[in-house]
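Read the structure below first, then the notes.
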Amino acid sequence: MPTVKGVEFRNALGHFATGVTVVTTLDGRGEPVGITANSFNSVSVDPPMVLWSIARESGKRSVFESSDNFVVNVLSDGQVDISRRFARSGKSRFTNIDWQPGLAGLPLLPDCAARFECRKVYQYDGGDHIIIVGEVEQFDETGREALVFHRGRYAIVDVHPDADGNAPGSYEDDFLMALLMRATYEFVAPFKVSMAELDLSEAEVRVLTFLYGHGDCDLPRIVYGTMLERGDVEVAIDSLLAQGLSVQGAAQDSVVITDAGRSKVIPVLAIAKAHEERVLASYTTDQVFRLKRDLRQLADRSRKA
Ligand SMILES: Cc1cc2nc3c(=O)[nH]c(=O)nc-3n(C[C@H](O)[C@H](O)[C@H](O)COP(=O)(O)O)c2cc1C
33 MPTVKGVEFR NALGHFATGV TVVTTLDGRG EPVGITANSF NSVSVDPPMV LWSIARESGK
93 RSVFESSDNF VVNVLSDGQV DISRRFARSG KSRFTNIDWQ PGLAGLPLLP DCAARFECRK
153 VYQYDGGDHI IIVGEVEQFD ETGREALVFH RGRYAIVDVH PDADGNAPGS YEDDFLMALL
213 MRATYEFVAP FKVSMAELDL SEAEVRVLTF LYGHGDCDLP RIVYGTMLER GDVEVAIDSL
273 LAQGLSVQGA AQDSVVITDA GRSKVIPVLA IAKAHEERVL ASYTTDQVFR LKRDLRQLAD
333 RSRKA
């Protein structure tokens, strides 16, 4: 067994993934005080008890030592900024935070995954930390996903493929082709309804949007870019030329969007963007990033397979 050295010990402990909390209380003058802590853990169900520990060297230690109550605010996955803010030294931790007073007036932070309002029942020496144990007098939970801390980095919860209840139930639940078609159908259906007001066929919208982003394009390029049948693209191009929304391009058999075409595309893009934002509203930034990255990779690998 190696001797316990600070950095290695911390690194090894970091393999134990935790949530992230901000523990709050009021100081002697009634001012809110809070500190980011991942040392939180459950202790007892009956009576309901929890614990956390505060560093002896923390500037907040004396406040928590002398306070009879504390609140454990379990942060949700959209609250990395709150975690960082309450881990930094400085006085402005509660600025612009719309906290509400809970039992005994203690600060309850908004948008958390869960909150535990506690009465302190024990306080123990824990080496360079003080262990604080509280009895939970009131709690709530919001259903938001929790923020995770693992190996010194913030992380988000993702259900393990082997988790109970995560096994695919049917062909549609597991067959990638069916999943992609279902997702595309459900995602696009409401957008098509909004498009109906624009006096353009679906193929015209797709060709025009493609031309908007790509300038002068020939037929094969438009077929590839719009993922439409060649015949449908030809019909759409004829119609766009007749409406003055596109004109013949410089190269052989190429077309280019006109100013009138651009004016037609701008509301389409706005509707598409608003639709995307609505659908992805419950995703975190990290989830959106991963979803798009994975879809790009899938398209790329499918093309090369
Ligand atoms: C994810 C994370 C977890 C932390 N957990 C604890 C903890 O459990 N106990 C603690 O005393 N400090 C913990 N800290 C550090 C404190 O938040 C930080 O040292 C403190 O807010 C600094 O201000 P202070 O000196 O005024 O206390 C943690 C920091 C982060 C980023």
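Per this note's numbering, residue 33 is the first one in the sequence shown, and the count goes up by one each step. Glycine included, each C-beta is placed from N, C-alpha and C at the ideal position.
- Under the three-state reduction of DSSP output, T50 falls in the strand class.
- Excluding five sequence positions before and after V255, the CB atoms of its chain that fall closer than 7 Å to its own CB belong to R262 and V265, given in chain order.
- If you draw a 10 Å sphere on the C-beta of R147, you find 16 or more other C-beta atoms in it, and that means buried.
- At a threshold of 8 Å, G91 counts as near ligand 1, since its beta carbon sits closer than that to one of the ligand's heavy atoms.
- Between ligand 1 and V165, a heavy atom-to-CB distance of less than 8 Å is absent.
- Where Q170 is concerned, the enclosing beta strand (DSSP E) starts and stops at H161 to E173.
- One Cα belongs to V165, the other to A87, and the distance between them is close to 15 Å.
- Across the set I162, D143 and A145, the C-alpha of I162 shows the shortest separation from the C-alpha of K152.
- Annotation: R333 to Y315 spans about 25 Å, alpha carbon to alpha carbon.
- Burial check for F102: the Cβ neighbour count within 10 Å reaches 16 or more, so the residue is buried.
- Per DSSP, M81 is one residue of the beta strand (DSSP E) stretching across M81 to A87.
- Of the candidates H192, V191 and A136, A136 places its Cα closest to the Cα of Q170.
- Taking the Cα of S98 as reference, the smallest distance to any Cα among A119, R61, G122 and S226 is reached at R61.
- With a cut-off of 8 Å on Cβ pairs, the stretch 76 to 84 is not in contact with the stretch 120 to 130, counting fewer than three such pairs.
- The beta carbon of D109 lies closer than 6 Å to those of E177, L179, I188 and T316 in the same chain, with the five residues before and after it left out.
- Taking the Cα of L272 as reference, the smallest distance to any Cα among L260, A283, V288 and G257 is reached at V288.
- Sequence-distant Cβ neighbours of E173 in its own chain, meaning closer than 7 Å and more than five residues away, are A145 and A146.
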